[in-house]
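S.K.:
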Amino acid sequence: MNEQKVSSLNHLELWTLWKEHGDIEAKKKLIENYLHIVDYVSSRLAIGLPKNISKDDLASNGVMGLIDAVDKFDYKRGYQFETYGSWRVRGAILDSLRQGDWVPRSVREKAKKIEDAFQHLEQNYLRSVNDSEMSEYLGVSEKEYHNMLQEVAVMTLCSLEDPIREEETETRLSMLIDENAKNPDYKVNEHYLKEALVKGIEKLTDKERTVVSLLYYEDLSLSEIAEVMSLSPSRISQLHSKAILRLRGTLEKNKKLLMENN
1 MNEQKVSSLN HLELWTLWKE HGDIEAKKKL IENYLHIVDY VSSRLAIGLP
51 KNISKDDLAS NGVMGLIDAV DKFDYKRGYQ FETYGSWRVR GAILDSLRQG
101 DWVPRSVREK AKKIEDAFQH LEQNYLRSVN DSEMSEYLGV SEKEYHNMLQ
151 EVAVMTLCSL EDPIREEETE TRLSMLIDEN AKNPDYKVNE HYLKEALVKG
201 IEKLTDKERT VVSLLYYEDL SLSEIAEVMS LSPSRISQLH SKAILRLRGT
251 LEKNKKLLME NN
């Protein structure tokens, strides 16, 4: 079908042409129609990344993810392509970032120090610790601590294929369990994981919980959250970093307890 006729078709007709008849013009039109997904995802991921990584680079890899999504999407199942496409685009961008070794070792070390500090102090105090207590433990000023949080913001872009701890080979993906498999340990592990997450979320401050909720449940960008909470985007980034590192510390502690009990 020629390009002019393809342009006048709706999405369902385009999907039918591409999937049932292999019409390349229909595929091109679908990709063009969904390019806004690439712009949205790359804009969100660009927040907090090092300045040497441009949004254009992210978008280029995102387009590859979009093309792959258009190739693999099953339109007959009745799902929204936007949801599926967003995951594929995000995955392609994160894959490219990991392959490019985009996080300096120094940043990883700072993230680990902060995570360990949260775990140690909150285990001792049995409550959430504030910025002054964290900065004192780390031996830095509060301003330097806030700068550290800003730097490690890039570490909150995680993947299931990333190691749970830098020195380990076990990944988050390796811990996923097939719910259909007859594994007697699954329900127990699921219970303890949920329990650990609940405890971790309870330790978050009100602002940290709000940021996590708006980001992951309401799907707002960091800049949009900044407007809602009347705070600067950098402050939102810091709150997000603290929340993620607190939760990681809680999950790490839970993992150690499970290993000791087993």
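Take 1 as the starting number for the sequence shown in UniProt numbering and just add one per residue.
Using N, Cα and C, we set each Cβ at its ideal position, and we do this for glycine too.
1. Report buried or exposed for residue 145, applying the criterion of at least 16 other Cβ atoms within 10 angstroms of its Cβ.
2. Are the stretch 213-231 and the stretch 77-94 touching by the rule of at least three beta carbon pairs closer than 8 angstroms?
3. So what's residue 80 in DSSP terms, helix, strand or just coil?
4. Rounding to the nearest angstrom, what Cα-Cα distance links residue 209 and residue 229 in this structure?
5. Measuring CB atoms only, is the stretch 113-120 touching the stretch 130-141, in the sense that at least three cross pairs come out at less than 8 angstroms?
6. On a Cα-Cα basis, can you pick out the residue from 99, 59, 33, 203 that is closest to residue 125?
7. With residue 38 as the anchor, note down where its alpha helix (DSSP H) starts and where it stops.
8. If I measure Cβ to Cβ from residue 59 and keep anything under 6 angstroms in the same chain, skipping five residues before and after, which residues do I get?
9. Which two residues bound the contiguous alpha helix (DSSP H) that contains residue 118?
10. On the three-state DSSP scale, how would you describe residue 13?
11. For residue 79, does the count of other Cβ atoms within 10 angstroms reach 16, so buried, or fall short, so exposed?
12. Would residue 240 be called buried (16 or more neighbouring beta carbons within 10 Å of its own) or exposed?
13. Short of 6 angstroms in beta carbon distance, which residues of its chain neighbour residue 148, apart from the five on each side in sequence? Order them along the chain.
14. Span of the alpha helix (DSSP H) holding residue 75?
15. What distance in whole Å lies between the Cβ atoms of residue 26 and residue 14, which are believed to be in contact at a cut-off of 8 angstroms?
16. Comparing alpha-carbon positions, which option in 74, 215, 21 lies nearest residue 45?
17. Closer than 7 angstroms by C-beta to residue 91: which residues in its own chain qualify, once you throw out the five before and the five after it? Chain order, please.
18. Grab me the residues of residue 247's own chain with a C-beta within less than 6 angstroms of its C-beta, minus the 5 sequence neighbours each way, in chain order.
19. Check each candidate in 81, 10, 17, 24 and name the one with the smallest Cα separation from residue 36.
20. Do residue 243 and residue 211 have their beta-carbon atoms positioned less than 8 angstroms apart in this structure?
M.R.: Here's the rundown:
1. buried
2. no
3. coil
4. 12 angstroms
5. yes
6. 203
7. 35-46
8. 38, 42
9. 105-125
10. helix
11. exposed
12. buried
13. 110
14. Premise fails: residue 75 is in no alpha helix (DSSP H) and is neither H nor E.
15. 5 angstroms
16. 215
17. 65
18. 200
19. 81
20. yes
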